[in-house]
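Working notes, beginning with the structure itself.
2 protein chains.
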Amino acid sequence: MIHVQYEEAVRQMTRGLERYLNPQDAKRFAEIFAGNSLDGVYSHGMNRYPRYLADMENGLCDARVTQAERVSGLGGLEVWDAHFGVGPLIAQQMAERAIELAKTHGIACVALRNNSHWLRAGRYGLMMADAGMMGLCMTNTCMNLVAYGAKEPSTGNNPITIAIPRKAGSLVMDMAVSQYAFGKLEIMAQEGGMLDTPCGYDTEGNLTCDPKKIVESGLMTPMALWKGSALSIMIDLMVSMLSLGRTSLEIGTPADGEKGMSQMFVCMNPAAVVDMDKAEEQMEKSIAFLNALEPKDGVHGVHAPGENLKRTRARNMERGIPVTEDTWQKIENAAK
Amino acid sequence: MIHVQYEEAVRQMTRGLERYLNPQDAKRFAEIFAGNSLDGVYSHGMNRYPRYLADMENGLCDARVTQAERVSGLGGLEVWDAHFGVGPLIAQQMAERAIELAKTHGIACVALRNNSHWLRAGRYGLMMADAGMMGLCMTNTCMNLVAYGAKEPSTGNNPITIAIPRKAGSLVMDMAVSQYAFGKLEIMAQEGGMLDTPCGYDTEGNLTCDPKKIVESGLMTPMALWKGSALSIMIDLMVSMLSLGRTSLEIGTPADGEKGMSQMFVCMNPAAVVDMDKAEEQMEKSIAFLNALEPKDGVHGVHAPGENLKRTRARNMERGIPVTEDTWQKIENAAK
Numbered sequence: 011m012i013h014v015q016y017e018e019a020v021r022q023m024t025r026g027l028e029r030y031l032n033p034q035d036a037k038r039f040a041e042i043f044a045g046n047s048l049d050g051v052y053s054h055g056m057n058r059y060p061r062y063l064a065d066m067e068n069g070l071c072d073a074r075v076t077q078a079e080r081v082s083g084l085g086g087l088e089v090w091d092a093h094f095g096v097g098p099l100i101a102q103q104m105a106e107r108a109i110e111l112a113k114t115h116g117i118a119c120v121a122l123r124n125n126s127h128w129l130r131a132g133r134y135g136l137m138m139a140d141a142g143m144m145g146l147c148m149t150n151t152c153m154n155l156v157a158y159g160a161k162e163p164s165t166g167n168n169p170i171t172i173a174i175p176r177k178a179g180s181l182v183m184d185m186a187v188s189q190y191a192f193g194k195l196e197i198m199a200q201e202g203g204m205l206d207t208p209c210g211y212d213t214e215g216n217l218t219c220d221p222k223k224i225v226e227s228g229l230m231t232p233m234a235l236w237k238g239s240a241l242s243i244m245i246d247l248m249v250s251m252l253s254l255g256r257t258s259l260e261i262g263t264p265a266d267g268e269k270g271m272s273q274m275f276v277c278m279n280p281a282a283v284v285d286m287d288k289a290e291e292q293m294e295k296s297i298a299f300l301n302a303l304e305p306k307d308g309v310h311g312v313h314a315p316g317e318n319l320k321r322t323r324a325r326n327m328e329r330g331i332p333v334t335e336d337t338w339q340k341i342e343n344a345a346k
Numbered sequence: 011m012i013h014v015q016y017e018e019a020v021r022q023m024t025r026g027l028e029r030y031l032n033p034q035d036a037k038r039f040a041e042i043f044a045g046n047s048l049d050g051v052y053s054h055g056m057n058r059y060p061r062y063l064a065d066m067e068n069g070l071c072d073a074r075v076t077q078a079e080r081v082s083g084l085g086g087l088e089v090w091d092a093h094f095g096v097g098p099l100i101a102q103q104m105a106e107r108a109i110e111l112a113k114t115h116g117i118a119c120v121a122l123r124n125n126s127h128w129l130r131a132g133r134y135g136l137m138m139a140d141a142g143m144m145g146l147c148m149t150n151t152c153m154n155l156v157a158y159g160a161k162e163p164s165t166g167n168n169p170i171t172i173a174i175p176r177k178a179g180s181l182v183m184d185m186a187v188s189q190y191a192f193g194k195l196e197i198m199a200q201e202g203g204m205l206d207t208p209c210g211y212d213t214e215g216n217l218t219c220d221p222k223k224i225v226e227s228g229l230m231t232p233m234a235l236w237k238g239s240a241l242s243i244m245i246d247l248m249v250s251m252l253s254l255g256r257t258s259l260e261i262g263t264p265a266d267g268e269k270g271m272s273q274m275f276v277c278m279n280p281a282a283v284v285d286m287d288k289a290e291e292q293m294e295k296s297i298a299f300l301n302a303l304e305p306k307d308g309v310h311g312v313h314a315p316g317e318n319l320k321r322t323r324a325r326n327m328e329r330g331i332p333v334t335e336d337t338w339q340k341i342e343n344a345a346k
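Those protein sequences? They're chains Z and G, same order as listed. Under the working numbering, the first residue of the first sequence is numbered 11, with each subsequent residue one higher. Under the working numbering, the first residue of the second sequence is numbered 11, with each subsequent residue one higher.
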């Protein structure tokens, strides 16, 4: 693991992206990769850069398209089409559009179809929260989880993010409906421990807490079994209906390459309807209550989601962003 | 267990409620209790009737208030105050208001503060879906779950519902963020089996799949541990900020009596922005795919949430609603 300064990371990735994008878009996209890693979301930051370059190279993502097209709308609800363009750039455009709409309509929802992978869900919620809004964003994915009651991958890990404005630093929850990312399971399988909660089947179809067996079978369940499964299915049907975009079924299996997701960007404007000083005051009481709880053994403390984000960001800004040597090598090679 | 015809259930409960409400409101409230049980949601239907009567008797719920008051608004976003009135009647009013607003604004959110228990979350989502809209409703609750990393109850099971319009019968997911209702755990503890997934601690603070030990300690976790905990906290902070209403912390522990919840009713109007015939067509393909999956042993089939609702409703309409003799006795006594 090496540490790379944020500005240097942006510079190197911008160069590699300029093969596909104009200088301005290349820089904006590089800032997304670097910014996600800066925030500690390493799985959806710079580590995804080589794969995204490959996706643009092989056409899974159409690098010529960096802006979505408006299809229809009524008041605060709009449908846009990404035409398989550059996912995170288009997702940022949609978050900005939702913020704009929420300023006049109080609440807005931008439903987007045919987008490429948006990387980190939380980013778009945070954009809204940093603008004083509440964000609620969801996407569907390919079918990478076993729906409850089934034997094979049949629903997506469909991430959902909720973000809340806060003077001390916006709060954000960013989670897929699987208990773990598959990559995390692989790491835990190598480490040899057992999971606290079963989140997949062995090759015989038995629920198991052994990450090795789940990695072997490839059969991961949604978090909380039937509950996560229901949530996964409803997110998929909601985002695909609202955008008239692809369902997880149409996106297909992971082997199909994840192309053309349906997404929604809901933005709410609390400052338009409540006294934000009072609202923040009562929120701070809740957060202080959580922080003051006696933690269980081995736990550092109880926190609201995203509470530690500012600290992580500051630390990575100072000491540099941790990146594997392999990833950094690829980033440098692409910059040549 | 006995079976009572829907009309008879409504008639008997209306009589009991007329002690607190005018005849029209009494009938509407009775229809909510009976309707929830008719749909198979027995835990939040007629079985809650005796307790709700007691809440109105002792003032936890103010029976004089059956309509909320509008506090503020911008476009599709409005804040209302329930003034501790009759929860389900007011929640219905809010769902209707959200539907009305979504007709002109495309998307609407009614944030409600100081409401009493709304009984069944799914009801309000279903009202929207049956009106051709998508519904997304949430409420906070008292602190009845142990936040992840803590040792004591410190966050709510904050139910969330998502409903989607469908010609064949609206879909609805209605779930608290706990893995089980506590009452369900008690039943399973009596039956003596083990849970598929750990959802609470024993008195020593160890995660356990033994329902007996969780009932003994009273320490239930959110579903999926840290994931459900994050979701629970964010729902609480979101609904309380948006309505400037009570947080779970302010609502207190279950022993405080559950008074003055914060709720939100989001309604989206897909028919205003997409071709609903096409949207339903692709949704039907997804549902048919799920239904056609080979089910695991012991499972009847894989379904979208709420898919079986119509059948349950029809069966209970025909053979009568199952109610415990004890509950029916109380309903009849209250009608005298």
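We put the CB at the ideal spot given by N, CA and C, even for glycine. Just so it is clear, the structure is predicted and the values come from calculations on it, not from any experiment.
Per DSSP, reduced to three states, the secondary structure at residue 234/G is coil, with no helix or strand assignment.
Assignment of residue 28/G by DSSP, reduced to helix, strand and coil, places it in the coil class. Going by DSSP, residue 332/Z is part of the beta strand (DSSP E) stretching over 331-333.
For the region 98-144 of chain Z, the full-length alpha helix (DSSP H) segments reaching 4 residues or more read 131-140 along the chain. When only Cα atoms are considered, residue 130/G and residue 27/Z end up about 51 Å apart.
The C-beta distance from residue 272/G to residue 255/G rounds to 3 Å, short enough to meet the 8 Å contact threshold. Judged by DSSP in its simplified three-state form, residue 273/Z adopts strand. For residue 63/G, the enclosing alpha helix (DSSP H) covers residues 59-68. C-alpha of residue 35/G to C-alpha of residue 341/G: approximately 17 Å in a straight line.
The C-beta of residue 80/G has fewer than 16 other C-beta atoms within 10 Å across all chains shown, which makes the residue exposed. Relative to the Cα of residue 46/Z, the nearest Cα in the group 333/Z, 210/Z, 259/Z and 192/Z belongs to 333/Z. Annotation for residue 40/Z: the continuous alpha helix (DSSP H) segment containing it runs 33-48. At least one C-beta of chain Z is nearer than 9 Å to the C-beta of residue 158/G. Looking only at 48/Z, 49/Z and 23/Z, the smallest Cα-Cα distance to residue 37/Z is reached by 23/Z. Interface flag for residue 299/G against chain Z is set, since a Cβ pair is found closer than 9 Å. Between the beta-carbon of residue 30/G and that of residue 66/G there is about 5 Å, and that keeps the pair under the 8 Å contact cut. Within 7 Å of the CB of residue 280/G, the CB atoms of chain Z belong to 251 and 252, in sequence order along the chain.
Per the Cβ contact rule, the region 245-261 of chain Z is in contact with the region 110-127 of chain Z (3 or more Cβ pairs under 8 Å). In its chain, beyond the 5 residues on either side, 156, 210 and 211 have a beta carbon closer than 6 Å to the beta carbon of residue 229/Z. The C-beta distance from residue 326/Z to residue 50/Z rounds to 7 Å, short enough to meet the 8 Å contact threshold. For residue 293/Z, the enclosing alpha helix (DSSP H) has its first and last residue at 286-302. Following the DSSP letters along the chain, one finds residue 226/G inside the alpha helix (DSSP H) bounded by residues 221-227. Per DSSP, the unbroken alpha helix (DSSP H) holding residue 198/G starts and ends at 192-201. Around the beta carbon of residue 114/Z, fewer than 16 other beta carbons sit within 10 angstroms, so the residue counts as exposed. If you check the CB distance, residue 218/G and residue 232/G do not come in under 9 Å. Of the other Cβ atoms in all chains shown, fewer than 16 fall within 10 Å of the Cβ of residue 328/G; this residue is therefore exposed. Neighbourhood of residue 306/G in chain Z, by CB distance below 8 Å: 159, 160, 161 and 215, in chain order. Contacts with chain Z (Cβ-Cβ distance below 9 Å) from the region 76-99 of chain G involve 81, 82, 83, 84, 85, 86, 87, 88 and 89, listed in chain order.
With contacts defined as CB atoms closer than 9 Å, residue 88/G and residue 120/G qualify as a contacting pair. Per the C-alpha coordinates, the member of 307/G, 58/G, 336/G and 170/G positioned closest to residue 238/Z is 170/G.
A distance below 8 Å between beta-carbons, with the five flanking residues on each side excluded, links residue 305/G to the following residues of its chain, in chain order: 311 and 312.
The C-alpha of residue 266/G lies about 32 Å from the C-alpha of residue 318/Z. Neighbours of residue 285/Z in chain G, taken as residues whose beta carbon is under 7 Å from its own, are 254 in chain order.
Between residue 118/G and residue 277/G, the C-beta spacing is below 9 Å. Around the CB of residue 184/Z, 16 or more other CB atoms lie within 10 Å, so the residue is classed as buried.
Here residue 169/G carries a coil assignment [DSSP, helix/strand/coil].
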